[in-house]
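Numbering (my numbering), first residue to last: 409 to 813.
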Ligand SMILES: Cc1cc2nc3c(=O)[nH]c(=O)nc-3n(C[C@H](O)[C@H](O)[C@H](O)COP(=O)(O)OP(=O)(O)OC[C@H]3O[C@@H](n4cnc5c(N)ncnc54)[C@H](O)[C@@H]3O)c2cc1C
């Protein structure tokens, strides 16, 4: 590969790795840089939605994701106080709208590994780990990037475009002085992983949301390290207690006492504390630099939309880069990428993830009851049930984006 005749990708998370795969499959040379030595296994995305499974068929990943993951056809909403299931949704109602009428539960680091494994087949692809991008020159004819390795050594590289898939703190975005307006939630979120079997104990589905004005939470199943199943609980962390307090066994067990007393003594396998934001970049393209995934938009994890919408960005952009590479389109097509993805990230991903959180946590009793009643009626009405799923699985967003010229 001549160094300048390639696409440079910043970041080897799910969005960077899948974008690299989509470009490589079109015969485009890709140079990918990643700060970390290895893909982190901290608990982050676990749900791959039907619209994403449809998209990932185009790069051959879907059968492997299904094989390694857990099919989640249903998801539930419960009241913490009474444990009553007040709404249940069935992706089976999306038959005819998608080839995959279910979500698949699979940890995001495994999705990254699947993409990286497939990338080994492409001689014009190279991943350079422990290469942090520290400077970008976004020129008229090419981009130049500088990487730094842990020993402090710096190296120059050039390519036709740079795609920033470098996460919420994106260097690519900052280097191009692209604003990232939005807000940070006051509370932090903690994810706890346990081997306690919520399905056996209380008929939980693989994806469940528990509403409560004091301590809402969620219950999810993932395959876990040995593929035999592991459960994850997400709790909000109110107040400003230090990390060592809110990640302690005592603090976590108090959450279990309140939400699932029968699981109180279960072994805690993992715990991660996150600060959560809602932000969308002011532009997804500047000259030869493009943004995708968390570099372009971040949201709370309720609804499982961050990685899914990021993969949608990456595959949309890879298709456009392919067209330009083959001379089928000029570079103005990258403005269409911005038009298709940016307003819809706001309209669907931001709006739905904020609404999901507000539904679960509603403080005012009357307002909370109105929201729960609305969700119950949505689940009971076949037409509204399907429309709700079309939105939450991002199928409506994908179709609306495709219709934007
Ligand atoms: C608790 C939690 C649960 C979630 N659950 C879901 C879910 O169920 N479904 C869903 O769709 N989303 C979910 N998300 C969101 C999801 O994790 C993110 O949207 C996803 O990781 C975004 O992928 P990405 O590749 O854009 O960024 P990242 O995964 O953040 O990857 C960015 C990569 O870039 C690298 N990098 C950064 N700077 C540089 C640099 N200067 N040079 C080189 N490399 C660099 C980083 O090391 C990193 O590897 C969840 C998030 C959290 C926190």
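Glycine included, each C-beta is placed from N, C-alpha and C at the ideal position. Here the structure is a predicted model, which means the values were calculated and not measured.
Which of helix, strand or coil DSSP assigns to residue i
| i | result |
| --- | --- |
| residue 507 | coil |
| residue 449 | coil |
| residue 545 | strand |
| residue 636 | coil |
| residue 467 | coil |
| residue 455 | strand |
| residue 705 | strand |
| residue 410 | Note that residue 410 scores 44 on pLDDT, short of 50, meaning its location in the model is unreliable; the coordinates nonetheless yield the value given after this. Looking at residue 410 - three-state DSSP - the assignment turns out to be coil, as it is neither helix nor strand. |
| residue 678 | strand |
| residue 598 | strand |
| residue 590 | strand |
| residue 583 | helix |
| residue 473 | helix |
| residue 558 | coil |
| residue 496 | strand |
| residue 751 | helix |
| residue 774 | helix |
| residue 726 | helix |
| residue 426 | helix |
| residue 687 | strand |
| residue 605 | coil |
| residue 813 | coil |
| residue 612 | coil |
| residue 769 | helix |
| residue 731 | helix |
| residue 518 | helix |
CB of residue i within 8 Å of CB of residue j, strictly
| i | j | result |
| --- | --- | --- |
| residue 442 | residue 535 | yes |
| residue 653 | residue 596 | no |
| residue 598 | residue 643 | yes |
| residue 465 | residue 575 | no |
| residue 693 | residue 742 | yes |
| residue 416 | residue 467 | no |
| residue 520 | residue 447 | yes |
| residue 663 | residue 451 | no |
| residue 681 | residue 768 | no |
| residue 432 | residue 588 | no |
| residue 458 | residue 717 | no |
| residue 655 | residue 679 | yes |
Selected residue, minimal CA-CA separation from residue i, among the options
| i | options | result |
| --- | --- | --- |
| residue 772 | 803, 695, 620 and 678 | 620 |
| residue 511 | 499, 520 and 505 | 499 |
| residue 479 | 728, 513 and 467 | 513 |
| residue 683 | 594, 496 and 508 | 594 |
| residue 363 | 538, 713, 708 and 474 | The structure shown has nothing for residue 363, since the chain only spans 409 to 813. |
| residue 618 | 465, 494 and 568 | 494 |
| residue 491 | 798, 792, 616 and 715 | 616 |
| residue 592 | 693, 767, 803 and 687 | 687 |
| residue 625 | 694, 685, 764 and 587 | 764 |
| residue 590 | 778, 754 and 787 | 754 |
| residue 456 | 681, 719 and 412 | 719 |
| residue 550 | 802, 756 and 413 | 413 |
| residue 705 | 786, 521, 436 and 721 | 721 |
| residue 807 | 452, 448, 523 and 506 | 506 |
| residue 528 | 429, 561, 562 and 473 | 429 |
| residue 552 | 560, 543 and 681 | 543 |
| residue 749 | 724, 766 and 784 | 724 |
| residue 419 | 473, 462, 740 and 573 | 573 |
| residue 819 | 476, 632 and 690 | Coverage of the chain is limited to positions 409 through 813, which leaves residue 819 absent and any answer about it impossible. |
| residue 792 | 562, 501 and 450 | 501 |
| residue 487 | 802, 756, 789 and 779 | 779 |
| residue 477 | 508, 449, 518 and 483 | 518 |
| residue 548 | 540, 566, 532 and 561 | 566 |
| residue 611 | 813, 796, 482 and 657 | 482 |
| residue 757 | 781, 775, 736 and 805 | 805 |
One or two residues paired with residue i in a DSSP bridge
| i | result |
| --- | --- |
| residue 619 | 487 |
| residue 698 | 571 and 693 |
| residue 565 | 553 |
| residue 442 | 537 |
| residue 629 | 639 |
| residue 513 | 455 and 478 |
| residue 523 | Answer is none; residue 523 lacks a bridge partner. |
| residue 795 | None; residue 795 has no bridge partner. |
| residue 644 | 597 |
| residue 417 | 440 and 571 |
Whole-Å CB distance - residue i paired with residue j, under 8 Å assumed
| i | j | result |
| --- | --- | --- |
| residue 454 | residue 630 | 5 Å |
| residue 436 | residue 730 | 7 Å |
| residue 809 | residue 752 | 5 Å |
| residue 569 | residue 698 | 6 Å |
| residue 623 | residue 670 | Going by Cβ atoms, the distance from residue 623 to residue 670 rounds to 16 Å, so no, they are not a contact pair. |
| residue 760 | residue 798 | With 8 Å as the limit, residue 760 and residue 798 do not qualify as a contact, their Cβ atoms being about 12 Å apart. |
Contact test: residue i Cβ vs ligand 3 heavy atom, cutoff 7 Å
| i | result |
| --- | --- |
| residue 541 | Because ligand 3 does not appear in the structure shown, any question about it cannot be addressed here, the ligands present being ligand 1. |
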